[in-house]
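First the structure, in the form of structure tokens, and then the observations on it.
In this note's numbering, the protein residues as written are 517 to 780.
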């Protein structure tokens with residue numbers, strides 16, 4: 517087989533390849549993998565993490581959208597006998613077809629990290645835990661508390677679904693080319709039990725998104741502008757003892773849950 521040249525980074529895809537084996541070891545250790553585990557990796561790049569995952573887990577599904585990188589990794593298939601290499605966009609790949617119990621371990625492509633996070637969180641019953649490298653600012657949003665500018669839809673939805681730990685930051689020197697943003701690795705352990713029914717979660721997600729749709733407006737006005745009837749909103753907030761002058765960013769996850777129960 518003709519081995520292609522090592523693919524150069526594609527700026528359009530925001531590629532910054534991890535090169536530090538020590539960071540790879542820390543990521544794999546954090547994932548607590550066993551030979552029985554099935555791992556999902558999104559954006560394997562040149563394969564430094566893929567190789568380590570292949571040694572630690574029983575099976576790896578690695579999804580790479582860049583056909584050049586996919587072709588390069590295919591030349592290393594003999595070294596990765598338990599890795600299924602898929603050339604596809606992770607935003608459309610059917611993650612719901614993966615086995616329940618799959619562990620997500622990935623250096624997520626930063627330019628689509630937020631929509632990918634929402635996709636993975638939507639399938640949290642399939643992923644008992646996720647170890648993800650993200651932009652440091654996205655890691656901060658995942659863990660943000662009410663009252664700050666980092667707190668938003670992602671914060672609420674992630675904290676409802678999982679216990680989140682910001683495990684460690686990753687130096688710019690650990691990538692080639694060096695990224696323009698700081699990076700961090702987070703561990704998300706999915707909650708085994710959640711308090712809402714499937715339909716309740718649909719209501720919860722809709723309320724959270726509507727509440728943050730107009731961040732400068734009060735919760736009442738934001739919900740009204742997103743199609744909720746004003747008088748039921750006011751009555752519900754008063755019954756829950758949530759002041760009408762509050763904005764979405766001041767509500768806790770628990771208060772959003774109370775709203776979902778009330779509107780469910």
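Heads up, the beta-carbon is just placed ideally off N, CA and C, and yes, glycines get one too.
Check your understanding: For residue 560, which residues of its own chain have a beta-carbon under 6 Å away from its beta-carbon, when the five flanking residues on both sides are left out?
Key -> Here residue 560 corresponds to residue number 44 of the chain shown, with the count starting at 1. The residues are 566, 578, 580.
Point to revise | Residue burial classification, residue 697 (beta-carbon count within 10 angstroms, cutoff 16) | key: The sequence position of residue 697 within the chain shown is 181, counting from 1. Classification for residue 697: exposed.
Exercise for review: Check whether the region 675–693 touches the region 747–758, taking contact to mean three or more Cβ pairs, one atom from each stretch, closer than 8 Å.
Suggested key: no
Practice item. Could you tell me which of 740, 564, 715, 677 sits nearest to residue 727, measuring between CA atoms? Key: For this step, residue 727 is matched to residue 211 along the chain shown. When only C-alpha atoms are compared, the closest one is 740.
Review point. Quick one: is the Cβ of residue 548 within less than 6 Å of any heavy atom of the ligand SAH?
Key: As far as ligands go, the structure on display features none, and thus does not contain the ligand SAH.
Review point. Where does the unbroken alpha helix (DSSP H) through residue 652 begin, and where does it stop?
Key: Locating residue 652 in the chain shown gives position 136, counting from the first residue. It spans 652–659 - the alpha helix (DSSP H) in which residue 652 sits, taken as one unbroken run.
Check your understanding: Under a three-way DSSP split, which group does residue 590 fall into?
Key -> For the purposes of this step, residue 590 is taken as residue 74 along the chain shown, with counting starting at 1. Correct three-state label for residue 590: helix.
Exercise for review: Starting from the Cα of residue 542, find the closest Cα among 568, 733, 716, 532 and give me that residue.
Suggested key: Along the chain shown, read from residue 1 onward, the residue named residue 542 stands at position 26. Per the Cα distances, 568.
Point to revise | Nonlocal neighbours in the same chain, by C-beta distance under 6 Å from residue 519, ignoring five residues either side | key: Translated into the one-based positions of the chain shown, residue 519 becomes position 3. With a pLDDT of 48 at residue 519, under the threshold of 50, the modelled position of this residue cannot be trusted, and the question is left open.
Exercise for review: Report, in whole angstroms, the separation of the C-beta atoms of residue 649 and residue 701, which I expect to be a contact under 8 Å.
Suggested key: As a working mapping, residue 649 is identified with position 133 in the chain shown. As a working mapping, residue 701 is identified with position 185 in the chain shown. That belief holds up - the Cβ atoms of residue 649 and residue 701 are roughly 5 Å apart, short of 8 Å.
Point to revise | Among 719, 570, 665, nearest to residue 765 - alpha-carbon criterion | key: Position 249 of the chain shown, counted from the start, is the residue given in the question as residue 765. Ranking 719, 570, 665 by Cα distance to residue 765 puts 665 first.
Exercise for review: Return the chain-ordered ranges of every beta strand (DSSP E) run that is complete within the region 531–594 and spans a minimum of 3 residues.
Suggested key: 554–558, 575–580, all fully within the region 531–594.
Review point. By a C-beta neighbour count over all protein chains shown, 10 Å radius and 16 as the cutoff for buried, is residue 709 buried or exposed?
Key: On the chain shown, residue 709 is found 193 positions in, with the first residue counted as 1. The residue is exposed, with fewer than 16 neighbouring Cβ atoms inside 10 Å.
Practice item. Whole angstroms is fine: what's the gap from residue 557's alpha carbon to residue 755's? Key: Reading the chain shown from its first residue, position 41 is the one you call residue 557. Reading the chain shown from its first residue, position 239 is the one you call residue 755. Separation of residue 557 and residue 755 (C-alpha to C-alpha, rounded to the nearest whole angstrom) is 45 Å.
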